[in-house]
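Using the numbering used here, the letters of the sequence shown map in sequence onto residues 8 to 209. Heads up, the beta-carbon is just placed ideally off N, CA and C, and yes, glycines get one too. Taking it in order: structure first as structure tokens, then the write-up.
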Amino acid sequence: MAEPTLVVGGVDIYKGWLDGDAQATLVEDLRAVVSQAPLFSPQTPYGKPMSVRMTSAGKYGWYSDRRGYRYEARHPQGQPWPPIPPSVLAIWAALVGPQRMPDCCLINYYKPDARMGMHQDRDEADFGWPVLSVSLGDDALFRIGGVARGGATSSVWLGSGDVVVMGGAARLCYHGIDRIRPGTSALLQGEGRINLTCRVVD
Ligand code: SIN
Ligand code: FE2
């Protein structure tokens, strides 16, 4: 297994894991997913719209509205989620292993003013599997805390092609995106950032 470039609060960070060609392929594959499963703006359980737009690929998609955070087998328009592109599964196989593929690849799209509050990823049945996340496009300030809310945190800038793996003791750590630095990448048409989050769900 590859060695991470840095480990912050138990979270493994692989800087520049994807080269430019791999990033461009991924973006093409994601555009195909989004054409079948359009981005939407979920609401938090408190009724606030999230600043991030999202969609998913895989057996399940992550969803949120007033009924809470959960996984759904279908896009809000009714169709099943498209399959996870092989280009995404290859990253998982290389860094997590080939034994079990993720059930969900959540696609988050951040406009320059979008952010993601501190949270844990804990809507899954089995925390034995790590969460793998891929950054594409503009840089983002990623904040990493402990497994309890409100403790000390560390921040690291994630760039296009960086991959983050949260597993083991860090599987349930609090994390979030404080801000995007627009115009730091030419990968996407225009400003913004895509984050892919792959998870085993059930
Ligand atoms: C998330 O944890 O939901 C997103 C993290 C990121 O955008 O890098
Ligand atoms: Fe998360």
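- The Cβ neighbour count for W164, taken over all protein chains shown within 10 Å, is under 16; the residue is labelled exposed.
- The C-beta distance from W99 to G65 rounds to 11 Å, too long to meet the 8 Å contact threshold.
- Spanning the alpha carbons of L102 and M8 requires a straight line of approximately 7 Å.
- In its chain, beyond the 5 residues on either side, E79, W88 have a beta carbon closer than 6 Å to the beta carbon of G68.
- The three-state secondary structure of A97, taken from DSSP, is helix.
- Taking a C-beta distance under 9 Å as the contact criterion, S63 and C111 qualify as a contact pair.
- A distance criterion of 8 Å places the beta-carbon of G16 beyond contact range of the ligand SIN, judged by its closest non-hydrogen atom.
- The DSSP-derived three-state label of D133 is coil.
- The shortest C-alpha to C-alpha distance from P83 to any of P92, G124, A44 is the one to A44.
- L33 and G158 have their C-alpha atoms some 35 Å from each other.
- T204 sits in a strand when the DSSP states are folded into three classes.
- Taking C-beta atoms as the reference points, I184 and F149 count as a pair closer than 9 Å.
- By the CB criterion at 9 Å, R200 and Y76 fall outside the cutoff.
- Boundaries of the alpha helix (DSSP H) around A31: 27-43.
- Using a Cβ distance threshold of 9 Å, C180 and V154 count as a contacting pair.
- Leaving aside the five residues that flank D19 on each side, the residues in its chain whose CB is nearer than 6 Å to its CB run, in chain order, P11, V172.
- In the three-state DSSP reduction, A64 falls in the strand class (E or B).
- Contact between V138 and D128 holds, with the beta-carbon distance rounding to 5 Å and staying under 8 Å.
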